[in-house]
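> Before I ask anything, let me first share the structure, which is written out below as structure tokens.
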Amino acid sequence: MATTAQTQLPVYDYRPGDGPVLVFLHYWGGSARTWQPVLDRLPDRAALNLDFRGWGRSRELPGPYTLEQFAHDTEAVIADAGVTDYVLVGHSMGGKVAQLAASARPAGLAGLVLVAPGPAKPAATVTPEYQEGLSHAYDSDESTAAARDTVLTATALDDETKARIVADSRSCAEEARLEWPRHGIAEDITSAARAIDVPVLVVAGEHDRVEPAGVLRDNLLPYLAHASMTVLPRSGHLLPLEAPDALAQVLRSAWGR
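Letter by letter, the sequence shown follows residues 3 to 259 in the numbering used here.
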């Protein structure tokens with residue numbers, strides 16, 4: 003997999019293979035490598051994954067760190083890689099970015115897979131008090147580990163993966179870390195979701211405490227014209243790490259050509 007880094011573009015990895023290209027977008031606190039367990043299970047598949055501006059290998063890039071900027075960055079990376087036939091696969095915050103990117107109806111976009119995504123309409127639980135508490139989730143290694151174990155996951159993870167979650171969540175620009183809880187999570191993008199004109203598959207975790215399946219049914223599906231939903235059993239919010247086998251199978255079934 004070739005890695006590309008340009009001055010104003012997020013760092014990304016592109017792997018040629020069978021298409022359409024799967025373009026992976028990570029969660030708030032994640033990085034491109036969040037998707038590695040899924041990529042390992044799709045060895046022949048063309049794939050592109052990136053570190054959002056302000057995160058991971060792209061943490062030195064200047065802001066803004068808004069969802070709109072991330073959507074523009076995603077489009078720019080896809081163009082830079084020369085990708086012309088692709089599916090956006092967005093997890094959590096990355097799922098909300100994918101909705102914004104898809105709403106522009108870019109040429110070459112074949113579909114979306116939204117994995118435990120931030121819904122188009124913010125949930126009723128997203129109050130100012132909730133946002134303030136969330137903004138401190140990654141304040142320290144200890145608070146990040148607590149969020150990982152009590153909120154983000156519902157299955158046992160190996161020590162290496164658990165350490166990776168903490169490292170990635172802490173490897174970011176301060177402004178990027180605060181943008182999602184203070185602004186992005188509360189942004190209503192229902193008008194953008196209504197503009198999406200490609201097939202959308204929503205994937206939820208049975209025990210997800212961050213974006214429960216019921217919230218996605220109520221706050222996302224009604225705004226999508228061509229959507230279906232599947233729920234992966236026994237999983238929490240970090241589906242790429244908790245259920246990579248099942249998620250890879252979902253991608254093969256939905257976009258196997």
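Every residue gets a Cβ at the ideal spot worked out from N, C-alpha and C, and that includes glycine.
If you run the structure through DSSP and keep just helix, strand and coil, what is Ser-60?
In the structure shown, Ser-60 sits in a helix (DSSP, three-state: H, G or I).
> Out of curiosity, what's the CA-to-CA distance linking Thr-152 and Thr-146?
For Thr-152 and Thr-146, the distance between alpha carbons rounds to 10 Å.
> From Gly-238 to Glu-176, what distance separates their C-alpha atoms?
One C-alpha to the other measures close to 26 Å.
> From which residue to which residue does the beta strand (DSSP E) around Ala-49 run?
Taken as a continuous stretch (DSSP letters only), the beta strand (DSSP E) holding Ala-49 covers 47-52.
> Ignoring anything shorter than 3 residues, give me the beta strand (DSSP E) runs that lie fully in the stretch 185-215, in order along the chain.
Whole beta strand (DSSP E) segments, 3+ residues: 202-207.
> Report buried or exposed for Glu-181, applying the criterion of at least 16 other Cβ atoms within 10 angstroms of its Cβ.
It is buried - the Cβ of Glu-181 has at least 16 other Cβ atoms within 10 Å.
> DSSP puts Tyr-132 in a beta bridge; with which residues?
In DSSP, Tyr-132 forms no bridge with anything.
> Since Thr-232 is in the beta strand (DSSP E), which residue starts that stretch and which ends it?
Residues 229-234.
> Suppose contacts are defined by Cβ-Cβ distances below 9 Å. Is Ala-2 in contact with Phe-26 by that definition?
What the structure shows of the chain is the stretch from 3 to 259, and residue 2 is not part of that stretch, so it cannot be assessed.
> First and last residue of the alpha helix (DSSP H) that includes Pro-242?
Note, Pro-242: alpha helix (DSSP H), 241-244.
> Quick check on Leu-43: does DSSP put it in helix, strand or coil?
The displayed chain sequence assigns Arg, not Leu, to residue 43. In this structure, Arg-43 counts as coil in the three-state DSSP scheme.
> Quick one: residues in its chain with C-beta nearer than 7 Å to the C-beta of Ser-260, no 5 flanking neighbours on either side, listed in chain order?
Only positions 3 to 259 of the chain appear in the structure, and residue 260 is not among them; the question remains open.
> If the criterion is Cβ atoms closer than 9 Å, does the pair Gly-113 and Tyr-29 meet it?
Cβ atoms of Gly-113 and Tyr-29: not closer than 9 Å.
> Does the separation of the CB atoms of Val-286 and Arg-150 fall below 9 Å?
Here the chain comprises residues numbered 3 to 259, so residue 286 is not present and cannot be evaluated.
> How many Å lie between Gly-258 and Gln-251 at the Cα?
When rounded, the distance between both Cα atoms is 9 Å.
> Are there 16 or more other CB atoms within 10 angstroms of the CB of Ser-142, so buried, or fewer, so exposed?
It counts as exposed.
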